[in-house]
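In our numbering, the protein residues as written are 116 to 416.
Cβ atoms here follow ideal geometry from the backbone N, Cα and C, with glycine treated the same way.
Predicted model, so just to flag it, every value in this text is computed and none were measured.
Everything below concerns the one structure shown next.
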């Protein structure tokens, strides 16, 4: 199957046929029981599985060493979930591997993009694909193993009473494992700055492990998103808060990748700082105008 994403033609494998019209349908999302025995020994017992249409979007660029394991763990944790691999023309053969895995498993779909175009556009393309194929729940997850698929049931359970669930490293019960001290300090500082600049209570707005209802995505005005990198995650969380959606955080364990290379760079940090600063200034100015408007009206009288 072929579809257009941001004006370019891309190829997808194994498009899901049919599907049911989506909405915020809490009764479709399964209940799960999760037992933690350490970050490498998480055991999940599936209690029932009556939710329909969970799609996990996995952006990839040079993740041939980690992709298959990530998909195996995902389907062990949530057997009826589908996965959409969005590959940006990886030179290491990730796209070809994804095609092979898709041929073996009808739950795996693949979207090929011709060049490396960033995390934000990959997710927006995946969201559009998910909506067109009428999935009820859409999940963001990394391919490198830093997001534990075994913790996905916790996010799905929380989504029964929310529109957006954020997997959080920085709420009680959340943690990071094997992360360099400077990386954790940078992440915590970025989240603190986002809270102060935007006036939000979210503890981990930069995290990329999250679950949306399909209806929630309709309120985020995805066509206007220009942010890339991890700033994209702050952008989505900020839009959800402004739209009045129910946003909750659940604890997760973030494990530093063991294979491949991190995509974090100075340009990503710079983009986040500039965009969050601009959003914060615009927000404060809007608040100030709202407060001054009644005073101006009284003076005219």
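- Comparing alpha carbon positions, the residue from 195, 204, 331, 267 closest to residue 175 is 204.
- Under DSSP, the beta-bridge partners assigned to residue 364 are 281.
- When the five nearest sequence neighbours on each side are left out, the beta carbons in the same chain lying within less than 7 Å of the beta carbon of residue 288 are those of 366, in order along the chain.
- In the structure shown, residue 222 adopts coil according to DSSP, grouped into three states.
- Cβ atoms of residue 280 and residue 270 come within 8 Å of each other, at about 5 Å.
- Going by beta carbons, residue 323 and residue 257 fall inside the 7 Å limit.
- Taking the Cα of residue 238 as reference, the smallest distance to any Cα among 358, 199, 290, 182 is reached at 199.
- Around residue 231, the same chain offers 176, 203 as residues with beta carbons nearer than 6 Å, after the five sequence neighbours per side are excluded.
- DSSP places residue 193 in the coil class of the three-state scheme, outside both helix and strand.
- Short of 7 Å from the beta carbon of residue 332, and not among the five residues preceding or following it, lie these beta carbons of its own chain, in chain order: 242, 246, 253.
- A direct Cα-to-Cα measurement between residue 382 and residue 328 gives close to 31 Å.
- In this structure, the alpha-carbon of residue 315 lies about 43 Å from that of residue 215.
- In this structure, residue 349 places its C-beta atom within 7 Å of the C-beta atom of residue 391.
- The three-state reading of DSSP puts residue 304 in helix, counting H, G and I together.
- Shortest Cα-Cα distance from residue 344 to any of 338, 388, 311 involves 388.
- Under the three-state reduction of DSSP, residue 207 is assigned to coil, being neither helix nor strand.
- Per DSSP, residue 169 is not a residue of any alpha helix (DSSP H); the beta strand (DSSP E) it occupies stretches across 169–175.
- Here the alpha carbon of residue 296 sits roughly 21 Å from the alpha carbon of residue 282.
- Taking C-beta atoms as the reference points, residue 255 and residue 354 fail to come closer than 7 Å.
- Secondary structure note for residue 320: it is in no beta strand (DSSP E), with a DSSP letter that is neither H nor E.
- In the DSSP secondary-structure assignment, residue 328 is bridged to 252.
- Per DSSP, reduced to three states, the secondary structure at residue 200 is strand.
- In the structure shown, residue 286 adopts coil according to DSSP, grouped into three states.
- Counting of Cβ neighbours within 10 angstroms places residue 168 among the buried residues, the total reaching 16 or more.
- For residue 227, the three-state secondary structure derived from DSSP is strand.
- Taken atom to atom, the span from the alpha-carbon of residue 317 to that of residue 364 is near 8 Å.
- Shown here for residue 312: same chain residues with a beta carbon closer than 6 Å to its own, the five before and five after excluded, namely 391, 395 in chain order.
- With a contact defined as Cβ atoms closer than 8 Å, residue 178 and residue 261 miss out at about 11 Å.
- Rounded to whole angstroms, the separation of the alpha carbons of residue 360 and residue 181 is 34 Å.
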